[in-house]
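Undergrad: Got a structure for you, written out below as structure tokens; questions coming shortly.
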Amino acid sequence: MADRRARPWECHYNGWSWTERCAVTPIQNAMFRSGQLARPTVCTICGFSDPARINGSGYIFAHLERYDRPAELFPACKRCHAALHARFREPERWQALLCRSALPGSWAFALSLDHTSQWLPFTETYPGGLPVPLLVPPTSPAFDF
Ligand SMILES: [Zn+2]
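Quick note on numbering: the sequence shown equals residues 6 to 150 in this note's numbering.
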């Protein structure tokens, strides 16, 4: 097999290697199949949801910040998930997304932009943990007087 550069998403994340991160996917999938874990349908960064297209453009990633906790989900839509993982090499893209689209108080504002955090254990970068993703409030109609 020819050597090649690691693809951007194959980097370490919060101290876990790509191989370690991939090993969690079948565990999560088993939890989804057994009903232990519900597949996310709403992005907890921007609030996007399109359950009618959940297997296409409405797909929501069961994003993890801790790969030792496969049920601790930080659901993210395709756009937010891509920008989140690219934030170390494209911080402007991530910051623009947060400014334009993130829900007020989203856990995503607490994420580190320090690229060295990719290799550090989660608990070193986030000694107090990360905020629990808030459930997106249902859309309320405009004031109805
Ligand atoms: Zn999103």
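Don't be surprised by glycine CBs; every beta carbon is placed ideally from N, CA and C.
None of these values were measured; they are calculated from a predicted model.
#1: Going by the beta-carbon positions, is the gap between A115 and L135 smaller than 9 angstroms?
#2: Excluding the 5 residues preceding and the 5 following A88 in the sequence, name in chain order all residues of the same chain whose CB lies nearer than 7 angstroms to its CB.
#3: Closer than 5 angstroms from C-beta to any heavy atom of ligand 1: which residues, in chain order?
#4: Kindly give me the distance between the Cβ atoms of F49 and P132, rounded to whole angstroms, as I take these residues to be in contact under 8 angstroms.
#5: Given a cut-off of 9 angstroms on the beta-carbon distance, is the pair Y72 and W14 in contact?
#6: In whole angstroms, what separates the C-alpha of F150 from that of F93?
#7: In terms of DSSP beta bridges, what is Y64 paired with?
#8: Measure the C-alpha to C-alpha separation of F79 and R9 and round it to an integer number of angstroms.
#9: Taking the alpha carbon of R58 as the point to measure from, which residue in R105, V47 and V29 has its own alpha carbon closest?
#10: Is the beta carbon of S122 closer than 9 angstroms to that of C128?
#11: Quick one: residues in its chain with C-beta nearer than 6 angstroms to the C-beta of C16, no 5 flanking neighbours on either side, listed in chain order?
#12: Starting from C82, follow its DSSP beta bridges and name the residues at the other end.
TA: Put simply:
#1: On the sequence shown, residue 115 is found 110 positions in, with the first residue counted as 1. On the sequence shown, residue 135 is found 130 positions in, with the first residue counted as 1. In this structure, L135 lies closer than 9 angstroms to A115 by Cβ.
#2: As a working mapping, residue 88 is identified with position 83 in the sequence shown. So the qualifying residues of the chain are R98, W99 and L102.
#3: C48, I50, C51, F53, C82 and C85
#4: Translated into the one-based positions of the sequence shown, residue 49 becomes position 44. Translated into the one-based positions of the sequence shown, residue 132 becomes position 127. The sequence given here places Thr at residue 49; Phe does not occur at that position. In fact, because the Cβ distance is near 22 angstroms, the residues do not count as touching under 8 angstroms.
#5: Taking the sequence shown and counting its residues from 1, one reaches residue 72 at position 67. Taking the sequence shown and counting its residues from 1, one reaches residue 14 at position 9. Contact flag unset, no.
#6: Working through the sequence shown from its first residue, we reach residue 150 at position 145. Working through the sequence shown from its first residue, we reach residue 93 at position 88. With a pLDDT of 48 at F150, under the threshold of 50, the modelled position of that residue is not reliable, and the figure given next carries that caveat. Straight-line Cα distance between these residues: approximately 47 angstroms.
#7: Position 59 of the sequence shown, counted from the first residue, corresponds to residue 64. Bridge partners of Y64: none, in fact.
#8: On the sequence shown, position 74 is the one that residue 79 refers to. On the sequence shown, position 4 is the one that residue 9 refers to. C-alpha separation (whole angstroms): 31 angstroms.
#9: Reading the sequence shown from its first residue, position 53 is the one you call residue 58. For the residues R105, V47 and V29, the minimum Cα distance to R58 belongs to V47.
#10: Translated into the one-based positions of the sequence shown, residue 128 becomes position 123. Translated into the one-based positions of the sequence shown, residue 122 becomes position 117. Per the sequence presented here, residue 128 reads as Thr, with Cys not at that position. The answer is no: Cβ separation not under 9 angstroms.
#11: Along the sequence shown, one-based indexing puts residue 16 at 11. Only Q123 meet the Cβ criterion.
#12: Residue mapping note: residue 82 aligns to position 77 of the sequence shown, counting from 1. I65, per the DSSP bridge assignment.
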